[in-house]
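What follows is a single structure, written as structure tokens, with notes after it.
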Amino acid sequence: MVKSTPPFGFTIDRDDEKCIRCQACVRMCSNDVHAYDAEKDVIVSDSTKCVGCHFCEAICPTSSLTVERTQSQYRENFNWTAEVINDIKSQAGSGGVILTGMGCDKPYTNYWDRIVLNASQVTNPSIDPLREPMELRTFIGRKPDRVEIDSSGEPKLATEISPQLELETPIMFSAMSYGSISYNASLALARAASDFGTFWNTGEGGLHKDFYKYGPRTIVQVASGRFGVTREYLNTGAAIEIKVGQGAKPGIGGHLPGEKVTESISETRMIPIGTDALSPAPHHDIYSIEDLRQLIYALKEATRYKKPVGVKIAAVHNVAPISSGIVRAGADFIVIDGVRGGTGAAPKVIRDNVGIPIEIAAAVVDSRLREEGIRNQASLIVAGGFRRSSDVVKAIALGADAVYIATSALVAMGCTICQKCYTGKCNWGIATQDPYLTKRLNPEIATRRLKNLLRAWSLEIKEMMGGMGINAIESLRGNREQLRGVGLSEVELEMLGIKHVGEAW
Amino acid sequence: MEVDRGGCSLFGVMDESGKRFSGAQATSAIAKMQDRENGLGGGFAGYGIYPRFKNCYAFHLLYDNEKAEESTERCLEENYSIEKAEPIPTRKKTTIENPPLLWRYFLTVKETKANSEPGQEDFVVSTVMKINGEIDGAFVISSGKNMGIFKGVGFAGEIGKFFRLEEYKGYAWTAHGRFPTNTVGWWGGAHPFGLLDWSVVHNGEISSYGTNKRYLENFGYRCALFTDTEVITYLFDLLARKYGFGFDVIGRILAAPFWDEIERLPESQREICKALRLAYGSALVNGPFATIVGHTGGIVGINDRIKLRPLVAARKGSMLYMSSEESGIREVCQSPDKVWMPEAGEPVVGRLEGAHG
Amino acid sequence: MKKIRIREQYCMGCRLCEIYCAVQHSKSKDLVKAYRGEYPKPVPRILVEEKDYLSFAIQCRHCDDAPCIRACITGAMRRDPKTGAVLCDEDKCVGCWMCIMMCPFGVIGRGREKKVISKCDMCIGAEEPACVKHCPNEALVLEDE
Amino acid sequence: MTKYIIVGSSAAAIGAVESIRQADKDGKIVVVSNEPHPLYSRPLITYLLAGQIDESKMSYRDPEFYRKYNVEEVLGKEVVAIHPEDKKVVLNDGAALPYQKLLLATGGRPIVPQVEGKDLAGVFTFTTLDDARKVGEFIKKNEVRSAVVVGGGLIGLKTAEALIARGIKVTIVELADRILSATFDRKASEIVEMALREKGCELITNNTVWKVTGRGGVKKVELQGGVEVDCQLVIFAIGVTPNTELAKCAGIEVRKGILVDERMQTNLPDIYAAGDVVEAYDMITSTTRQIAIWPNAHVQGSIAGFNMAGKTEKYDGSFAMNTVEICGVPTISVGLTDPQEKGYEVLEHYDEAQRAYKKIVLKDDVIVGAIFVNKIDRAGVFRGLIKNKTNVRLFKDVLLRDDFGLVWLPEMFRKHMVMGEGTEV
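Chains as they are written, first to last, in numbering that gives the first Met the number 0: chain R, 0 to 504; chain H, 0 to 356; chain D, 0 to 144; chain V, 0 to 424.
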């Protein structure tokens, strides 16, 4: 039969009037899309190889390139879409699981886009964040049930406060392992978090020795593969996060192909060079909540109760009761990663079909913990597809203490969400270990851009808070009265615990 | 919040020595600031006004109809010994229109229901929550000992006359004139708001309402009225009565200092303030407000953390005055010893001599 | 003086510095016109060296003790008193290539049109040299010495 | 206030003035030159003759240079004696100038062979501005159409090129079997010879002029073996000899050139020497010898200047190197280009189409010499490697590549060069 391969999805439009044959595109494309034909003095582009990362477009000095989405058209069919047909063709050819990168791109309702915020009008003043103090400082960790003050003599605090992470903005960088992203990308995250006063997360790949100096701003992850986990590692971090699940692939382990296990990565992960790094789907020492409790306390013991220990799970149907169990098992913070959470590599079918949106998960977990009177025992960090500052504000108003961002951080560093992270050929130098590509990400620029993003979002959060007449993030946290749903059903509103637009207090 | 929106006037006065004086002062002071109200609500709280029944919980109730009255009384009889029940005396010839039925009851908790003092208080709170939440047309205005709240729809000065406050004597009085912008007046919605001996008069609109409300819900408070005053009353009840914090600490919770101020404090204070914000961040009252809280031990005035609503205080001898405007104070005390503007978040505390808290 | 610092670890080998340098020193100073309309094609005064995944762009280092100035037989090569840059007066240069021989960086070249040398002039008059301005990865940065 | 006297006014003198003024703002500097012209660049005379430049472009520095540097010029005067014991120099007009520090930068003068007819009109040497003017005028006046240049070295070839540029038919007579035999190897010589011939220049090698004939003016030269060449102009460019007489008489140690130490001081205190007149250290041969080239003169003058002004600076030596473009063929030669002894390794590549020649001479994995013809753009990198005695063992195989550059150097060395980091070189 005729080879039935899926048609490609992009076309390179080159304005030949403007092309000066400088060949920057030829040199730069890791997918070898462009080639110079010296005989004809033209540059030709092979669109079939294009992944749509737009790097050539960005580098072209005369803007002569446009990467356009083109899809060879099949007969319209609501069910048998081009994506479906192409996936089948691809699998009929490969016989394997379809891999992809980044987060779920399916059009499940994005509730952030269906929630609007409040603002003060007339009866109370909005606050100008440029003139008045506006506090975003956030603490992650177990909060005391009650504060006791010893007033015999000079008043003194008589309550012991559990270890806390102190954030200058309620935004942290979510787990991305060194291995899934480049050294320079990790470095930029570490530096930006340190400079800005927030935290970054090692992911499950261990902590490179060079990054130990950023330890006070690092959340170290303990995942099922236990890569790079040592006593020193645990004690270097500011907090420990036990990774049970990830929004992009709940119930699935991880797989870093051997080619990516370079010398430096092998050292950091403590595995031989060139071997596949496999994270099992479950932690093989956690088959129940009691096991989790043991691990939490083992880690607390290992760090002498000086670091908050948290647990990250993917948002799934039972997220609320599971969260309650985790808090009761002794976690100081709990991370919920929604269905739109990203990944370096995941089976497409899992990424797109497993898990629930973070908006609902955040709301039900917060409510559940409050109902059980244990909300103060653990901080709630939510993750999975935070795209803008308003998403953050809405999450906090639903009840989250802080959010994790990762995809947004990558976009700040250049990523265009082409979803090809798993190929290791990231032209932007982010999701790759190829030294020819990694040097493209200047960590100084990346750090600056990440800090700018944090700064911009923080300013916007302050603007929104000021508009609501709130000058401390504590007063936004769980303040669902500031939220209203647009066009949501009763049940959705109930899950979110918010009123519909039009309803007053 | 909706019911509290607007300008509003506040007034508070007490004699810290415990000497009792008539409600006329509070009436004329609040009437002086009539510009700040629109006739849709006014009210007063008086402390030390029922010395004969000082060991009884004095319940002030308003009823929309007799059916509500019957149900309520049935509920009270079940749980309390009613020492006395009577209509609250009112003056007929005023501008006040269509008053509801107004009754007061002096009650002691039946021993079978609760015997310890904290137990009795919790029981009273649950009774109030029940009547207000479940009996249609009945509303408990106040429920403390040796105190009472008098409020209704009308200009505050007229409300004072209506309730014949000049005939009561108390050591502390608070008063409120309302300016709600978009609701019909309802007698129960006027200030002060009360629970046990707590009474709150409030000028402001708190933007942290949702956070505060959900926080209080953790401890069994049901915010039925959707009002700031209700929330502030419960916060005082939780922090002062249940947790036993002094007003200075409560001030640092409700109007928490900013982090950069906290960082400048000496270490022991810094630790306390930080711990308070960590533990009670959800009790931080955000947005503009000025509040005067009354209780058996005295009165406390407090502002939001950036002082977006006015509050002025004055002293003359053992007398302490607090008011939205100085004019209110000058109306009843022409030459105070000292007049000052309290700082944002700094509580002004009037303490009854010999009282705790 | 301000000098261009080379940071090879960030050079991605795109050679845009060469392109912008050439255009900066072209007649039209316009990318498309310079490359598609001018003859001879403009020549960059910066050079990207590449080997495997290592690359860097190098141009005149404007040495403190510049061997090219010492070697110049015409006095065309001189230090600009204001900026400290090593500049060549093309009117004086006779193309003896003494400076090319002396430059240990190999960053002085022969001009294409005239028999004069061609070297980095720090884009005199411009706020920032074109190579620095257009380096997408800040592999070239202008720094105060 | 120190008083400096500098004898000579070319590259070494300029180098010295520039350094003295860096170290001593006030000292009095006197430059004595036997030429009547203010500061000019001697190598430019061939360009002047060719008409490529006019006299206004001859000045090597800003015409105001001496004034700006507060230097007193004594032009057109000859120093005839040095009295080291009195610290004085005597001029040909009898004046005696006292000095505290003296620099001899007297350079060299052309060698004129003792052949018959050497004094005929139309016979010249070619090293000074006056020479250039005279030759220029002579050509114009006599409508010279053919010339013989004796000597196929750098000066000879540049002069020949200049004459060719003026439309004169030139014959070069060279004693050796090829031109540029001192600096080039045979291949390189051939390429240049080819270019000269293509321009119509005639080359006669293995021969020399023994007689110049003509009445009133030159008519022809006679070579050995009976060869005769008609011409109206003869230029002798067979070499230069250092002007060491003055020094010798003053008791300064002289071999071929004046001997100096690392600080460019002669054996007599406070008397320094620099430029073409000295013998200095050759890094490649590890001997002292004369390397009469412009960059050396400037550096030496500069070192001498610093030391005269009380700063200690050392001259670390140099080596032979030269660059010349003849008839559109640019060339650079550095160091030992054509060793005859054993123990050298030679890498070479010739690109026939472009006539591009590249030759690298190594000894014990260190480059000691190189030739570049037609493609000279990165020759300086090799000169640097020679100077630094860099061991090239690890990248020897790429030295001949067109894209050879700093990127191939060992990491530490490269980073130092490129990023200005790392160890001092």
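Idealized CB from N, CA, C, for every residue including glycine.
Cβ atoms of residue j and residue i: under 8 Å apart, would you say?
i	j	result
phenylalanine 226/R	arginine 292/R	no
cysteine 359/H	phenylalanine 105/H	Missing from the structure shown is residue 359/H; chain H here goes from 0 to 356 and no further.
glycine 11/H	threonine 173/H	yes
valine 172/V	asparagine 141/V	no
leucine 255/R	aspartate 275/R	yes
leucine 188/R	lysine 347/R	no
proline 249/R	valine 315/R	yes
isoleucine 241/R	valine 310/R	yes
serine 267/H	glutamate 371/R	no
Is residue i close to chain H, meaning its C-beta is less than 8 Å from at least one C-beta of that chain?
i	result
proline 124/R	yes
asparagine 478/R	yes
glycine 372/R	yes
Find the nearest neighbour of residue i within the set the options, judged by alpha-carbon distance.
i	options	result
leucine 237/H	Leu224/H, Phe225/H, Ala254/H, Gly219/H	Gly219/H
tyrosine 314/V	Met320/V, Val148/V, Asn306/V	Asn306/V
proline 112/V	Asn373/V, Val169/V, Thr240/V, Gly7/V	Thr240/V
arginine 145/R	Arg276/H, Gly353/H, Gly159/H	Arg276/H
glutamate 85/H	Ala67/H, Arg240/H, Ser326/H, Leu60/H	Leu60/H
aspartate 227/H	Ser141/H, Thr210/H, Arg103/H, Tyr279/H	Thr210/H
lysine 498/R	Ala23/R, Asn78/R, Val115/R, Ser287/R	Val115/R
glycine 404/V	Lys310/V, Lys341/V, Ala378/V, Gln339/V	Ala378/V
threonine 61/R	Gln58/D, Cys92/D, Lys28/D, His61/D	Lys28/D
arginine 214/V	Val148/V, Asp118/V, Ala159/V	Asp118/V
aspartate 40/R	Cys21/R, Cys103/R, Gly486/R	Cys21/R
phenylalanine 257/H	Phe58/H, Tyr242/H, Asn285/H, Arg240/H	Asn285/H
serine 8/V	Ala273/V, Ala161/V, Arg262/V	Ala273/V
lysine 1/D	Cys134/D, His133/D, Asn136/D, Ala125/D	Ala125/D
alanine 352/V	Ile190/V, Pro268/V, Tyr3/V, Lys341/V	Ile190/V
With a cut-off of 8 Å, does the C-beta of residue i fall near any C-beta of chain D?
i	result
cysteine 21/R	yes
glycine 496/R	no
threonine 422/V	With a pLDDT of only 41 at threonine 422/V, under 50, the local geometry of the prediction cannot be trusted, and the value read off the model is given with reservation. No, threonine 422/V does not count as interfacial toward chain D.
asparagine 30/R	no
serine 18/V	no
Who does residue i pair with in a DSSP beta bridge?
i	result
aspartate 364/V	Answer is none; aspartate 364/V lacks a bridge partner.
glycine 147/H	Gly45/H
asparagine 321/V	Ser332/V
Can you confirm whether residue i, when its beta carbon is compared against all beta carbons of chain V, has any partner nearer than 8 Å?
i	result
threonine 82/D	no
glutamate 37/D	no
Is there at least one Cβ from chain R nearer than 8 Å to residue i's Cβ?
i	result
glutamine 8/D	yes
glutamate 126/D	no
### Query
Hey, is the region 39 to 49 of chain H in contact with the region 145 to 160 of chain H, meaning 3+ C-beta pairs nearer than 8 Å?
As far as the Cβ criterion goes, the region 39 to 49 of chain H touches the region 145 to 160 of chain H, which means the pair count is three or higher.
### Message
I want to know whether the region 244 to 258 of chain V touches the region 357 to 367 of chain V - three or more CB-CB distances under 8 Å.
### Response
Of all C-beta pairs linking the region 244 to 258 of chain V to the region 357 to 367 of chain V, fewer than three are shorter than 8 Å, placing the two stretches out of contact.
### Message
Measuring CB atoms only, is the region 410 to 422 of chain R touching the region 357 to 369 of chain R, in the sense that at least three cross pairs come out at less than 8 Å?
### Response
At 8 Å Cβ cutoff, the stretches do not touch.
### Meets three-Cβ-pair contact criterion under 8 Å: the region 149 to 165 of chain R and the region 476 to 483 of chain R
Not touching, per the Cβ criterion.
### Task
Could you tell me whether the region 259 to 270 of chain H touches the region 130 to 148 of chain H, using the rule of 3 or more Cβ pairs below 8 Å?
The answer is no - the region 130 to 148 of chain H does not touch the region 259 to 270 of chain H, with fewer than three Cβ pairs under 8 Å.
#### Entry: the region 26 to 39 of chain H / the region 428 to 442 of chain R touching (three or more Cβ pairs under 8 Å)
Fewer than three beta-carbon pairs drawn from the region 26 to 39 of chain H and the region 428 to 442 of chain R are found closer than 8 Å, and the two stretches are therefore not classed as touching.
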